[in-house]
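Colleague: In my numbering, the protein residues as written are 4 to 307.
(1) Nearer than 7 Å: is that true of the beta carbon of residue 146 relative to any heavy atom of the ligand COA?
(2) Quick check on the burial criterion: 16 or more other C-beta atoms within 10 angstroms. Buried or exposed for residue 38?
(3) Since residue 184 and residue 61 are thought to touch, with beta carbons under 8 Å apart, how far apart are those beta carbons, to the nearest angstrom?
(4) According to DSSP, what are the bridge partners of residue 136?
(5) Across which residues does DSSP place residue 129 in a beta bridge pair?
(6) Please confirm whether residue 144 and residue 109 have their CB atoms less than 8 Å apart.
(7) Can you tell me where the alpha helix (DSSP H) holding residue 155 begins and where it ends?
(8) Taking the continuous alpha helix (DSSP H) assigned at residue 84, which residues delimit it?
(9) Here's the rule I'm using: 16 or more other beta-carbon atoms within 10 Å means buried, otherwise exposed. How should residue 66 be labelled?
(10) Taking contact to mean 3 or more Cβ pairs, one atom from each stretch, closer than 8 Å, check whether the region 21-30 and the region 42-56 are in contact.
(11) Which residue marks the beginning of the alpha helix (DSSP H) containing residue 22, and which one marks its end?
(12) Flag this pair as yes or no: are the beta carbons of residue 69 and residue 157 separated by less than 8 Å?
(13) Quick check: what's the CA-CA separation for residue 100 versus residue 35?
(14) Cutting at 7 Å between CB atoms, please list the residues of its own chain near residue 218, excluding the five before and the five after it.
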């Protein structure tokens with residue numbers, strides 16, 4: 004019930020979020036002025052899809068736990084991994100539709116703006132310009148995307164709260180899923196708020212938003228995967244200890260067997276020696292009797 008396939012999806016989603024941070028840091032000096040708008044589009048797509056895939060996978064794993072342990076009917080409820088993957092695909096398709104509509108109706112472009120105060124000299128005025136990602140109704144589209152993510156977050160938090168008391172060995176990551184959902188909710192909300200407040204200061208805004216994205220993804224991956232790694236290492240140590248104890252027992256049994264075999268061989272050797280001594284004694288007795296007979300026959304012949 005841990006669903007390794009959804010664990011892979013979580014890892015893929017977190018990787019997309021990492022890549023979006025890197026692409027967001029590529030300005031016109033790195034990719035060129037003409038290609039800057041493509042990095043804007045890629046950054047938005049990667050971050051949005053990465054969040055949907057990663058958090059959607061966590062949410063669906065928690066949803067399956069909730070559905071199974073709140074099933075009041077007598078019919079056994081089975082939710083297969085394929086069903087969860089189909090639901091995750093539906094969430095991703097909704098995200099893709101929103102992003103396609105945004106790019107078709109209101110295309111994202113890279114607009115150069117002046118930052119800071121102009122520097123005046125005797126013959127010229129120097130402006131510091133920066134290319135930012137924007138569109139005519141970018142705020143409205145951001146609100147639509149954020150509302151969709153907020154609905155996912157709130158539903159995930161409600162599922163985590165309902166399954167907070169579930170603690171079963173076969174569901175060894177139920178607690179981790181709940182903590183991960185709370186963690187993503189708090190960090191995502193904080194990231195959006197700080198990003199809006201620091202939007203005017205671009206370097207500070209980029210640093211804060213990137214830091215919260217990295218913190219959210221790294222903490223989520225750590226909460227989900229580190230307990231599994233520790234469990235695997237403990238299992239390997241247990242196997243090694245069992246193998247070592249088996250070898251010791253086997254060597255002791257071999258040693259005991261060898262000693263028993265040596266004892267049996269000594270006993271057999273003593274028996275064989277006794278048997279041979281008895282045969283030798285019998286042969287000596289026969290030789291002695293033959294000598295006596297020969298002596299008697301010799302004396303009779305001399306008398307004649």
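Where a beta carbon is used, it is the ideal one built from N, C-alpha and C, also for glycine.
Modeller: Concretely, from the data shown:
(1) Absence of the ligand COA from the depicted structure is noted, as is the absence of any ligand whatsoever, leaving it without description.
(2) Numbered from 1 along the chain shown, position 35 holds the residue referred to as residue 38. Sixteen is the threshold: since fewer than 16 other Cβ atoms of the shown chains lie within 10 Å of the Cβ of residue 38, the residue is exposed.
(3) Translated into positions along the chain shown, residue 184 becomes position 181. Translated into positions along the chain shown, residue 61 becomes position 58. Right, the Cβ-Cβ distance comes to about 6 Å (below 8 Å), so this counts as a contact.
(4) Numbered from 1 along the chain shown, position 133 holds the residue referred to as residue 136. The partner list for residue 136 (beta bridge, DSSP) reads 113.
(5) Working through the chain shown from its first residue, we reach residue 129 at position 126. Residue 129 is bridged to 122.
(6) Numbered from its first residue, the chain shown carries residue 144 at position 141. Numbered from its first residue, the chain shown carries residue 109 at position 106. Between residue 144 and residue 109, the CB-CB gap stays under 8 Å.
(7) In the chain shown, the residue the question calls residue 155 occupies position 152. Looking at the DSSP string, the run of the alpha helix (DSSP H) that includes residue 155 is 141-165.
(8) On the chain shown, position 81 is the one that residue 84 refers to. For residue 84, the enclosing alpha helix (DSSP H) has its first and last residue at 84-108.
(9) Here the question's residue 66 lines up with position 63 in the chain shown. Residue burial annotation: residue 66 is buried, with at least 16 other C-beta atoms found within 10 angstroms of its C-beta.
(10) Per the Cβ contact rule, the region 21-30 is in contact with the region 42-56 (3 or more Cβ pairs under 8 Å).
(11) The residue you call residue 22 lines up with position 19 of the chain shown. Per DSSP, the unbroken alpha helix (DSSP H) holding residue 22 starts and ends at 7-27.
(12) Mapped onto the chain shown, residue 69 falls at position 66. Mapped onto the chain shown, residue 157 falls at position 154. The answer is no: Cβ separation not under 8 Å.
(13) Numbered from 1 along the chain shown, position 97 holds the residue referred to as residue 100. Numbered from 1 along the chain shown, position 32 holds the residue referred to as residue 35. Between the alpha carbons of residue 100 and residue 35 lies a distance of about 29 Å.
(14) Position 215 of the chain shown, counting from 1, holds the residue named residue 218. Within the same chain, residue 218 has close Cβ partners 190.
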